[in-house]
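Protein chains in written order, with numbering that gives the first Met the number 0: chain L, 0 to 271; chain E, 0 to 331; chain Y, 0 to 262.
Think of the CB as a built atom: it goes at the ideal place given N, C-alpha and C, for glycine as much as any other residue.
Quantities reported herein were computed from a predicted structural model and do not represent experimental measurements.
Data block below; observations after.
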Amino acid sequence: MNLSKKTVLSLRSVALLYLLVLLVLPIGVILYRSFERGFGEFWAWITTPAAISALQLSLLIVAIVVPLNVIFGVLVALALARGKFRGKAALQAAVDLPFAVSPVVVGVALIMLWGVGGWFGGIESLGFRIIFGLPGMVLATTFVTLPFVVREVEPVLHEIGQDQEQAAATLGASAWQTFWRITLPAIRWGLTYGVVLTIARALGEYGAVLMVSSNFPGISQTLTLLVSSRNHDDYNTFGAYAAATLLMLLALVALVVMSLLEATRRRNRDDD
Amino acid sequence: MTINVVGANKRYGDFAALDDVSLEIPDGSLTALLGPSGSGKSTLLRSIAGLDRLDSGLVEINGVDVTYATPQQRDIGFVFQHYAAFKHMTVRENVAFGLKIRKRPAAEVKAKVDDLLEVVGLTGFQTRYPAQLSGGQRQRMALARALAVDPQVLLLDEPFGALDAKVRDELRSWLRRLHDEVHVTTVIVTHDQQEALDIADRIAVLNKGRIEQVGTPADVYDRPETEFVMSFLGSVAKLNGVLVRPHDIRVGRTPELARQGEQTSEEAGVLRAEVERVVYLGFEVRVELKNAATGERFHAQITRGDATALQLAEGDVVYVRATHVPEIAAAK
Amino acid sequence: MRRLINPLRIGVAWLWISLIVLLPIAAITTKAFDHGWSGFWDALTAKNAVSTLVITVWVSLLVTVINVVMGTIIAWVLVRDDFPGKGVVNALIDLPFALPTIVASIVLLSLYGPDSPVGLTLNATQPAIVIALAFVTLPFVVRQVQPVLIELDREVEEAAASLGAPNRVIVAKIIIPTLLPAILSGAGLAFTRAIGEFGSVVLVGGNIPGETQVASQYIQQQLEVDNQVAASAVSVALLAIAFVLLGVMRFVGSRSAKREENE
Numbered sequence: 000m001n002l003s004k005k006t007v008l009s010l011r012s013v014a015l016l017y018l019l020v021l022l023v024l025p026i027g028v029i030l031y032r033s034f035e036r037g038f039g040e041f042w043a044w045i046t047t048p049a050a051i052s053a054l055q056l057s058l059l060i061v062a063i064v065v066p067l068n069v070i071f072g073v074l075v076a077l078a079l080a081r082g083k084f085r086g087k088a089a090l091q092a093a094v095d096l097p098f099a100v101s102p103v104v105v106g107v108a109l110i111m112l113w114g115v116g117g118w119f120g121g122i123e124s125l126g127f128r129i130i131f132g133l134p135g136m137v138l139a140t141t142f143v144t145l146p147f148v149v150r151e152v153e154p155v156l157h158e159i160g161q162d163q164e165q166a167a168a169t170l171g172a173s174a175w176q177t178f179w180r181i182t183l184p185a186i187r188w189g190l191t192y193g194v195v196l197t198i199a200r201a202l203g204e205y206g207a208v209l210m211v212s213s214n215f216p217g218i219s220q221t222l223t224l225l226v227s228s229r230n231h232d233d234y235n236t237f238g239a240y241a242a243a244t245l246l247m248l249l250a251l252v253a254l255v256v257m258s259l260l261e262a263t264r265r266r267n268r269d270d271d
Numbered sequence: 000m001t002i003n004v005v006g007a008n009k010r011y012g013d014f015a016a017l018d019d020v021s022l023e024i025p026d027g028s029l030t031a032l033l034g035p036s037g038s039g040k041s042t043l044l045r046s047i048a049g050l051d052r053l054d055s056g057l058v059e060i061n062g063v064d065v066t067y068a069t070p071q072q073r074d075i076g077f078v079f080q081h082y083a084a085f086k087h088m089t090v091r092e093n094v095a096f097g098l099k100i101r102k103r104p105a106a107e108v109k110a111k112v113d114d115l116l117e118v119v120g121l122t123g124f125q126t127r128y129p130a131q132l133s134g135g136q137r138q139r140m141a142l143a144r145a146l147a148v149d150p151q152v153l154l155l156d157e158p159f160g161a162l163d164a165k166v167r168d169e170l171r172s173w174l175r176r177l178h179d180e181v182h183v184t185t186v187i188v189t190h191d192q193q194e195a196l197d198i199a200d201r202i203a204v205l206n207k208g209r210i211e212q213v214g215t216p217a218d219v220y221d222r223p224e225t226e227f228v229m230s231f232l233g234s235v236a237k238l239n240g241v242l243v244r245p246h247d248i249r250v251g252r253t254p255e256l257a258r259q260g261e262q263t264s265e266e267a268g269v270l271r272a273e274v275e276r277v278v279y280l281g282f283e284v285r286v287e288l289k290n291a292a293t294g295e296r297f298h299a300q301i302t303r304g305d306a307t308a309l310q311l312a313e314g315d316v317v318y319v320r321a322t323h324v325p326e327i328a329a330a331k
Numbered sequence: 000m001r002r003l004i005n006p007l008r009i010g011v012a013w014l015w016i017s018l019i020v021l022l023p024i025a026a027i028t029t030k031a032f033d034h035g036w037s038g039f040w041d042a043l044t045a046k047n048a049v050s051t052l053v054i055t056v057w058v059s060l061l062v063t064v065i066n067v068v069m070g071t072i073i074a075w076v077l078v079r080d081d082f083p084g085k086g087v088v089n090a091l092i093d094l095p096f097a098l099p100t101i102v103a104s105i106v107l108l109s110l111y112g113p114d115s116p117v118g119l120t121l122n123a124t125q126p127a128i129v130i131a132l133a134f135v136t137l138p139f140v141v142r143q144v145q146p147v148l149i150e151l152d153r154e155v156e157e158a159a160a161s162l163g164a165p166n167r168v169i170v171a172k173i174i175i176p177t178l179l180p181a182i183l184s185g186a187g188l189a190f191t192r193a194i195g196e197f198g199s200v201v202l203v204g205g206n207i208p209g210e211t212q213v214a215s216q217y218i219q220q221q222l223e224v225d226n227q228v229a230a231s232a233v234s235v236a237l238l239a240i241a242f243v244l245l246g247v248m249r250f251v252g253s254r255s256a257k258r259e260e261n262e
């Protein structure tokens, strides 16, 4: 379809203007605000004890959630891609469920399950603090990041088919050897992409973690909770901006990595 | 290493992939499992390999019951239609895979890999990746990989199906020559009757999950036991309901001339037919005929010499006689 | 050994999904009906519950429509147009995916809040919520439409043109119908995300019951005052809306896929 030069330019302008106003402008403003007092102040506010412990907590949660999602995510992907069983569609739908659930609802649901008076509330009496403790935050973050690894690895498993794995079996490889030497290398790009998505999402989770955290500065605040608490509780707008900018820079890094991975995967696929 | 399959059964829901199949494969032979899609030939091969499980029946390799053994335990080599190359490994690593699993010493592995690559004509390709190889090269690598572990039997599932016609022909003869040198009991699945006739010592013809006939290429071609086998192995012409090969039809201008030549033990009658079309196909001439009595259409295949001598034209009335009529057992 | 692995794998998969996802959902659903259907209904028809659901759905619909229009235009420009920096713009679309929602909120607050450099103080108004939701749902329609646009057979357009069809007819009768499933899919995803959105709204919405309080904020509030049943009930309402929508999308999607197969 040949569009007139005028139409082409109009469409382009409309699109770019929208993106400028919606995305670029706000981000530009906050970057400006964060650094208008100089890099020193920015640095000071992201290195306060509260900020550092928030960063540590966020990273700790990521360090727990990522391996869990890798191990179980690959397992679920294998079950879905290789298995033939009744209820497979239900499992598939359940994996996609977290996308449809509001973060606040995630928090409430976890409290209904693990909180005092909840189904597994009895665990509190054993001395395990789930809600208002690290485990609760881990569970919340795992809920929202669950689909990523599965959805990235499953299509790859479908694509490569079972031939290579069967060939390995005929050559004498045990199930574990086949998985380690053949399946895992074959899915490595999909898995990596899923892990990056998981990390980005885990660092950015707010609503669900807010509900299940006791939200004490320096103790049970993640970076995202720090942002809102500084703004809301401390009226420390600048501190909030600084923390937000830090998170934004992390998000940008994630974005760059995602783009690079995507390009590599596309190149690899074309090689076949 | 002989392979023995007894009473193999496998169903997928209502569909019978294998229906009471029994087959003995002699040691050192190259046997083809030949049949159309859905005939069960791949299922049979994969059951021998242990990649598919039988519902019931027995599989023995070299006298050992392997029915419940995993592929790893059966000591087989398997070559897949679409190569199943380990894409993330080099050619050397692919071929060495089985040996590395068996924890052979590095020096032995290197020597064996280089040796095999020479046998399959891929010397110098050690460090390439499968993506950099052509289809034919990938399949030769797959073969080297399968042979690296000195398997008792070599199983190939439509190994040339994904290749161009020319490459297919080349690899076909090459496989036969390789077999003559290496002498491993080999079973090859194919739907291409030319391929089976070309390279196999014995052919097992399958249809709808059952074995229709087992025999040498000459057996199944000249002495088919069922209509299916006859139709599948080559072209057929129907003369008054009797199936014959088009090249076993003698054409003459008079009944006497048609009776000349080889006599069959059973004196097949002479038929009057009308020439509909004469097609010069290069080395052979196809004469499309219509049975004057029944209107049935069939074609005969005669040499150029005969065609020139007869000077056939459209509309001519001729007399045809079958010089060889295979005795087909009652339909199963 | 192999015979054990597959059932074991499937069992562990179910266990994991149940523990992390299904059991919490089951727990909250059960809680919503703690006082039976009447209790559930009462919780949903409480004054502020109704208004929050109405506001949430209304704002989400508005944002979805905005996304359908702008998302399609952006996808078009990214696929059919070319200009310096297009690659960067394309990557930028994913930013709302990667950005923490609370950061989106504070970013919008800095621009539209009391300190606004452009003098536009919108916080605690519905427009602010619309902007926040538009921000976080930006990628959905764009990313659904792009691949379909890329796959679009130009020859079909050329055939139509050669038969005399003007551009607007080609767009209306050829391009839009082909893109429609993807647009609807993206719209469904955007809507589902919008109704449940929390983090990006929190700092700019104002949380005024009856005016700018969205469902997620209402739920949080109910939980804070220990109205677990009310919080659960409204949560289940949100889930139900999302499930119905996704179910419809899946159904429509499989039907259009079947139509594609027959080509």
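Q) At least one CB of chain L closer than 9 angstroms to the CB of Pro70 (chain E): is that the case? A) Yes, its Cβ sits closer than 9 angstroms to a Cβ of chain L.
Q: Please state whether DSSP places Tyr240 (chain L) in a helix, a strand or coil.
A: It is helical.
Q: Decide if Glu262 (chain Y) is buried, meaning its Cβ has at least 16 other Cβ atoms within 10 Å, or exposed.
A: Because Glu262 (chain Y) carries a pLDDT of 47, less than 50, the predicted location of this residue cannot be relied on, and no value is offered for it.
Q: Kindly indicate if chain L contains any beta-carbon less than 9 angstroms away from that of Met0 (chain E).
A: False, the Cβ-Cβ gap to chain L never drops below 9 angstroms.
Q.
Give the list of continuous alpha helix (DSSP H) stretches no shorter than 4 residues that lie fully inside the segment 152–236 of chain L.
A. Those alpha helix (DSSP H) runs which fall completely within the segment 152–236 of chain L and span 4+ residues are 162–169, 174–177, 183–203, 206–211 and 222–231.
Q: Can you pull the chain L residues whose beta carbon is under 7 angstroms from the beta carbon of Phe79 (chain E), in chain order?
A: Against chain L, the beta carbon of Phe79 (chain E) has neighbours under 7 angstroms at Asp162 and Ala166, listed in chain order.
Q. For Thr141 (chain L), which three-state DSSP category applies?
A. Helix at Thr141 (chain L).
**Q.** Backbone secondary structure at Asp93 (chain Y) - three-state DSSP
**A.** Asp93 (chain Y): coil per DSSP, three-state reduction.
Q: Please report how far the alpha carbon of Val324 (chain E) lies from the alpha carbon of Leu242 (chain E), in whole angstroms.
A: A direct Cα-to-Cα measurement between Val324 (chain E) and Leu242 (chain E) gives close to 7 angstroms.
**Q.** Touch test, the segment 131–139 of chain Y against the segment 88–108 of chain Y, Cβ-Cβ under 8 angstroms, three pairs minimum
**A.** Contact annotation: the segment 131–139 of chain Y touches the segment 88–108 of chain Y, with at least three C-beta pairs closer than 8 angstroms.
Q. Excluding five sequence neighbours on each side, which residues of the same chain lie with their C-beta closer than 8 angstroms to the C-beta of Pro185 (chain Y)?
A. Reading off the sequence, residue 185 (chain Y) comes out as Gly, not Pro. Result list for Gly185 (chain Y): Asn66, Val67, Gly70, Phe139, Val140, Val141, Arg142, Gln143 and Val144, in chain order.
Q) Closer than 7 angstroms, Cβ to any Cβ of chain L: which residues of the segment 97–124 of chain E, in chain order? A) Those residues of the segment 97–124 of chain E that come within reach of chain L (Cβ to Cβ, closer than 7 angstroms) are Gly97, Ile100 and Arg101.
Q. What residues in the segment 180–191 of chain L have a beta carbon less than 9 angstroms from any beta carbon of chain E?
A. Against chain E - using a Cβ distance shorter than 9 angstroms - the residues of the segment 180–191 of chain L are Arg180, Ile181, Pro184, Ala185 and Arg187.
Q. Mind checking Glu194 (chain E): buried by the 16 CB within 10 Å criterion, or exposed?
A. It counts as buried.
Q.
Distance check for Asp225 (chain Y) and Ile29 (chain L), CA to CA, integer angstroms please.
A. Going from the Cα of Ile29 (chain L) to the Cα of Asp225 (chain Y) covers about 36 angstroms.
Q | Residue-chain proximity (Val148 (chain E), chain L), Cβ-Cβ < 9 angstroms | A | Using a Cβ-Cβ cut-off of 9 angstroms, Val148 (chain E) counts as an interface residue toward chain L, since at least one Cβ of chain L sits closer than that to its own.
Q.
Below 8 angstroms, is the gap between the Cβ of Gly84 (chain Y) and the nearest heavy atom of the ligand GTP?
A. Looking at this structure, you won't find the ligand GTP or any other ligand, since it has none at all.
**Q.** Continuous alpha helix (DSSP H) assignments of at least 4 residues falling wholly in the segment 58–125 of chain L
**A.** Listed in chain order, the complete alpha helix (DSSP H) runs (minimum 4 residues) inside the segment 58–125 of chain L are 87–95 and 102–113.
Q. At which residues does the alpha helix (DSSP H) containing Val58 (chain Y) begin and terminate?
A. For Val58 (chain Y), the enclosing alpha helix (DSSP H) has its first and last residue at Lys46 to Arg79.
Q. By the 10 Å Cβ neighbour count, where 16 or more other Cβ atoms means buried, how is Val4 (chain E) classified, buried or exposed?
A. Buried is the label assigned to Val4 (chain E), since at least 16 other Cβ atoms lie within 10 Å of its Cβ.
**Q.** Cα-Cα separation, Val23 (chain L) to Gly10 (chain Y)
**A.** Taking the CA atoms as reference points, Val23 (chain L) sits about 47 angstroms from Gly10 (chain Y).
Q. First and last residue of the beta strand (DSSP E) that includes Ala257 (chain E)?
A. Annotation: Ala257 (chain E) is outside any beta strand (DSSP E); the continuous alpha helix (DSSP H) that includes it extends over Pro254 to Arg258.
**Q.** Which listed residue (L:Val143, L:Ile122 and L:Ile129) has its alpha carbon closest to that of Leu67 (chain L)
**A.** Leu67 (chain L) has its Cα closest to that of L:Val143, out of L:Val143, L:Ile122 and L:Ile129.
Q: Measure from the C-beta of Ala181 (chain Y) to each C-beta in chain L and report whether the shortest distance is under 9 angstroms.
A: For Ala181 (chain Y), the answer is no, since every Cβ of chain L falls outside 9 angstroms of its Cβ.
Q.
Quick check on DSSP: helix, strand or coil for Tyr82 (chain E)?
A. Note: Tyr82 (chain E) maps to coil in three-state DSSP.
Q.
Using only CA atoms, which one of Y:Leu61, Y:Ala42 and Y:Pro113 lies nearest to Ala133 (chain Y)?
A. Selected option, being the one with the closest Cα: Y:Leu61.
Q | Closer than 9 angstroms to chain Y by CB, Asp95 (chain L) | A | Using beta-carbon distances, Asp95 (chain L) counts as an interface residue toward chain Y, with a partner under 9 angstroms.
Q.
Counting C-beta neighbours from all protein chains within 10 Å, is the total for Thr307 (chain E) 16 or more, i.e. buried, or is it exposed?
A. Flag for Thr307 (chain E) reads exposed.
(Q) Quick check: is the beta carbon of Gly126 (chain L) nearer than 9 angstroms to any beta carbon in chain E? (A) The beta carbon of Gly126 (chain L) does not come within 9 angstroms of any beta carbon belonging to chain E, so the residue lies off that interface.
(Q) If we define contact as Cβ-Cβ less than 9 angstroms, is Gly171 (chain L) a contact residue for chain E? (A) At least one chain E Cβ lies under 9 angstroms of Gly171 (chain L).
Q) Contact check, Ala99 (chain L) vs Phe242 (chain Y) under 8 angstroms by CB: the rounded distance? A) Cβ atoms of Ala99 (chain L) and Phe242 (chain Y) come within 8 angstroms of each other, at about 7 angstroms.
Q: Check the C-beta distance from Leu246 (chain L) over to Val102 (chain Y) and give it rounded, since I have them as a contact under 8 angstroms.
A: Between Leu246 (chain L) and Val102 (chain Y) the beta-carbon gap is near 5 angstroms, inside 8 angstroms, which marks them as a contact.
Q) Since Phe14 (chain E) sits in a beta bridge, which residues does DSSP pair it with? A) In DSSP, Phe14 (chain E) forms a bridge with E:Tyr11.
Q. Which one of E:Leu280, E:Asp26, E:Ala95 and E:Val213 has the shortest CA to CA distance from Thr302 (chain E)?
A. It is E:Leu280.
Q: Would you kindly work out how many angstroms separate the C-alpha atoms of Pro223 (chain E) and Arg139 (chain E), rounded to a whole number?
A: In this structure, the alpha-carbon of Pro223 (chain E) lies about 34 angstroms from that of Arg139 (chain E).
Q. Are any of the Cβ atoms in chain L nearer than 9 angstroms to that of Pro269 (chain Y)?
A. Any question about residue 269 (chain Y) goes unanswered here, given that chain Y covers just 0 to 262.
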